[in-house]
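**Student:** First, the structure itself, so that you have it in front of you.
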Ligand code: SF4
């Protein structure tokens, strides 16, 4: 049974004057991957960490099929599969888990941080992984730290796995002294190459101390405290942001670094916090802006004027919609997102064109009806919807590619545009 809650008219008179857009909210059947998916990119980022999913064979299959093609060495993830005896309460799941962890550490002694990742089955049988993590941390300290978070698909979408993981990592950070020098923290897993580009840009801008969260090694978690100013690199890190703020860190509101405009706005938020001279800032970012604009011009002819429908999946939809409409001239039919965090997205929502339909949550059949009626030129959606829509002659782009590909910053702006241009080009070729 699905429940439709359409509060378009109620939202037409919003409580907050600064957020005056109506939002279509729906709850019903959803087509999304679960938070375990985040392991696919997180395990490559923190090089001495290991992700142990406590789940079922379904969970193991999901991770294997999502990550299998990308693993060239022994992977830094695995699934402790709960068998029928565990699920029926006939075996002591904690004893089993301890045994599996012992075996894992005997085989992989280089692991310094172990994430126990909860799943639907472990949550259904109420296996307390936070107690298990405490117990195992005590047993293996100081060589190993054990942390837990949930990647379950119960009421989540796939990018929440990263948010849950990073939120669990915040308490592991040393506390910065109240009088420590102000430092910048970039929050969100970025490919190393993008991280290096941003590090160089911040240094040229004149921000001396920049840390990235998560770090490349678990032993390099930066100290966090009232002197920390943080920039989110991804719009789906609401819980992590809250944990950082509880530590006294201060969020710098900004556009997200997609495209020339987003990257400039994101860097500028940090430059303003450090009171960097405007002329100096403009001089530093000008070459990157120029490279990005030139790269985007190559894709504009195919994207300009095309009608775009974004299904709710990655939570990247509002910043992508802003980028595609403002920098590439696409027309937005509907911008769906699983969750609409107005606090984190305030700048993005202000930058969207007037009149765009914003939707939060999903009732997939109703949304498919709206999509079919609109006949957009391009649909951004999850894998589960892409094939059926393609079979109906609607061109699609898989949203999951957006988290696997380097897309942030000036030098990736062209690649980001190419992800949307490619399916349209392919469709044009097929029509000839
Ligand atoms: S965590 Fe839940 S939704 Fe994800 S693979 Fe396992 S059973 Fe499926």
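In this note's numbering, the protein residues as written are 383 to 814. Built from N, CA and C at the ideal position, the CB exists for glycine as well.
1) DSSP three-state call for residue 465: helix, strand or coil?
2) Does the stretch 432-439 come within contact of the stretch 456-464, defined as at least 3 CB pairs closer than 8 Å?
3) Pairs of beta-carbons, one from the stretch 505-512 and one from the stretch 684-692, closer than 8 Å: are there three or more?
4) Just tell me which of 776, 430, 744 and 769 has its CA closest to the CA of residue 755.
5) Between the Cα of residue 654 and those of 566, 701 and 482, spot the shortest distance and give me the residue it belongs to.
6) With DSSP as the reference, please indicate the residues paired to residue 408 in a beta bridge.
7) Taking buried to mean at least 16 other C-beta atoms within 10 Å of its own C-beta, is residue 736 buried or exposed?
8) What residue ranges within the stretch 717-761 form continuous beta strand (DSSP E) runs of no fewer than 3 residues, ordered along the chain?
9) In the DSSP output, what is residue 633 paired with across the bridge?
10) In chain order, what residues of the same chain have a beta carbon less than 8 Å from the beta carbon of residue 553, not counting five sequence neighbours either side?
11) Which residues share a DSSP beta bridge with residue 712?
12) Roughly how far, in whole angstroms, is the beta-carbon of residue 418 from the beta-carbon of residue 445, given that I think they are within contact range, below 8 Å?
13) For residue 561, count the other beta carbons within 10 Å of its own beta carbon; 16 or more makes it buried, fewer makes it exposed. Which is it?
14) Which residue comes first and which comes last in the beta strand (DSSP E) that contains residue 667?
15) Any heavy atom of the ligand SF4 closer than 7 Å to the beta-carbon of residue 583?
16) Is it buried or exposed, residue 811, if we count other Cβ atoms within 10 angstroms and call 16 or more buried?
17) Along the chain, where does the alpha helix (DSSP H) that runs through residue 504 open and close?
18) Is residue 460 helix, strand or coil when you go by DSSP?
19) What do you get for residue 574, buried or exposed, if any count of 16 or more other CB atoms within 10 angstroms of its CB means buried?
20) By the 10 Å Cβ neighbour count, where 16 or more other Cβ atoms means buried, how is residue 800 classified, buried or exposed?
21) Rounding to the nearest angstrom, what Cα-Cα distance links residue 743 and residue 782 in this structure?
22) Could you tell me which residues DSSP pairs with residue 348 in its beta bridges?
23) Give the DSSP-derived three-state secondary structure of residue 779 in the structure shown.
24) Sort 416, 424, 623 and 784 by Cα distance to residue 600 and report the nearest one.
25) Which residues does DSSP list as the beta-bridge partners of residue 797?
26) According to DSSP, simplified to helix, strand and coil, what is residue 547?
27) Output the distance between the C-alpha atoms of residue 579 and residue 596, rounded to the nearest integer angstrom.
28) At the level of alpha carbons, what is the spacing between residue 709 and residue 568?
29) Mark residue 807 as exposed unless 16 or more other C-beta atoms lie within 10 angstroms of its C-beta, in which case mark it buried.
30) When every heavy atom of the ligand SF4 is checked, does at least one fall within less than 7 Å of the C-beta of residue 547?
**Tutor:** So, from the data block:
1) Within the chain shown, the letter at position 83 stands for residue 465. Residue 465: coil per DSSP, three-state reduction.
2) yes
3) no
4) Mapped onto the chain shown, residue 755 falls at position 373. Measuring from the Cα of residue 755, the nearest candidate turns out to be 776.
5) Translated into the one-based positions of the chain shown, residue 654 becomes position 272. Residue 566 is the option with its Cα nearest to residue 654.
6) If you number the chain shown from 1, residue 408 lands on position 26. Answer is 743, bridged to residue 408.
7) Position 354 of the chain shown, counted from the first residue, corresponds to residue 736. Label assigned to residue 736: exposed.
8) 739-744
9) Position 251 of the chain shown, counted from the start, is the residue given in the question as residue 633. According to DSSP, which records beta bridges pairwise, residue 633 is partnered with 612.
10) The count along the chain shown starts at 1 and reaches residue 553 at position 171. Taken in chain order, the residues that qualify are 625.
11) The residue labelled residue 712 in the question sits at position 330 within the chain shown. Residue 712 pairs with nothing; no bridge assigned.
12) Here residue 418 is taken as the residue at index 36 of the chain shown, counted from 1. Here residue 445 is taken as the residue at index 63 of the chain shown, counted from 1. Confirmed, about 6 Å.
13) On the chain shown, residue 561 is found 179 positions in, with the first residue counted as 1. The residue is exposed, with fewer than 16 neighbouring Cβ atoms inside 10 Å.
14) Position 285 of the chain shown holds residue 667. No beta strand (DSSP E) holds residue 667; the alpha helix (DSSP H) holding it covers 660-685.
15) The sequence position of residue 583 within the chain shown is 201, counting from 1. No, since every heavy atom of the ligand SF4 falls outside the 7 Å radius drawn around the Cβ of residue 583.
16) Translated into the one-based positions of the chain shown, residue 811 becomes position 429. Per the 10 Å Cβ criterion, exposed.
17) Residue numbering aside, residue 504 sits at position 122 when the chain shown is read from its first letter. Where residue 504 is concerned, the enclosing alpha helix (DSSP H) starts and stops at 502-506.
18) Within the chain shown, numbered from 1, the residue matching residue 460 stands at position 78. Residue 460 falls in the strand class under three-state DSSP.
19) Within the chain shown, numbered from 1, the residue matching residue 574 stands at position 192. Exposed is the call here.
20) Working through the chain shown from its first residue, we reach residue 800 at position 418. Looking at its Cβ environment, which holds 16 or more other Cβ atoms inside 10 Å, residue 800 is buried.
21) Here residue 743 corresponds to residue number 361 of the chain shown, with the count starting at 1. Here residue 782 corresponds to residue number 400 of the chain shown, with the count starting at 1. Those two C-alpha atoms are separated by around 17 Å.
22) For residue 348 there is no data in the structure shown, the boundaries of the chain being 383 and 814.
23) As a first step, residue 779 is located in the chain shown; it is residue number 397 there, counting from the start. Of the three classes helix, strand and coil, the one that applies to residue 779 here is strand, per DSSP.
24) Taking the chain shown and counting its residues from 1, one reaches residue 600 at position 218. Among 416, 424, 623 and 784, the Cα nearest to that of residue 600 belongs to 424.
25) For this step, residue 797 is matched to residue 415 along the chain shown. Under DSSP, residue 797 takes part in no beta bridge, so it has no partner.
26) In the chain shown, counting from the first residue as 1, residue 547 sits at position 165. Residue 547 falls in the helix class under three-state DSSP.
27) Sequence index remark: in the chain shown, residue 579 carries index 197 (1-based). Sequence index remark: in the chain shown, residue 596 carries index 214 (1-based). Approximately 16 Å between the Cα atoms of the pair.
28) On the chain shown, residue 709 is found 327 positions in, with the first residue counted as 1. On the chain shown, residue 568 is found 186 positions in, with the first residue counted as 1. Each residue's alpha carbon lies about 24 Å from the other.
29) To locate residue 807, count along the chain shown from 1; it is residue 425. By the neighbour-count rule (16 or more Cβ atoms within 10 Å), residue 807 is not buried but exposed.
30) The sequence position of residue 547 within the chain shown is 165, counting from 1. The answer is no for residue 547.
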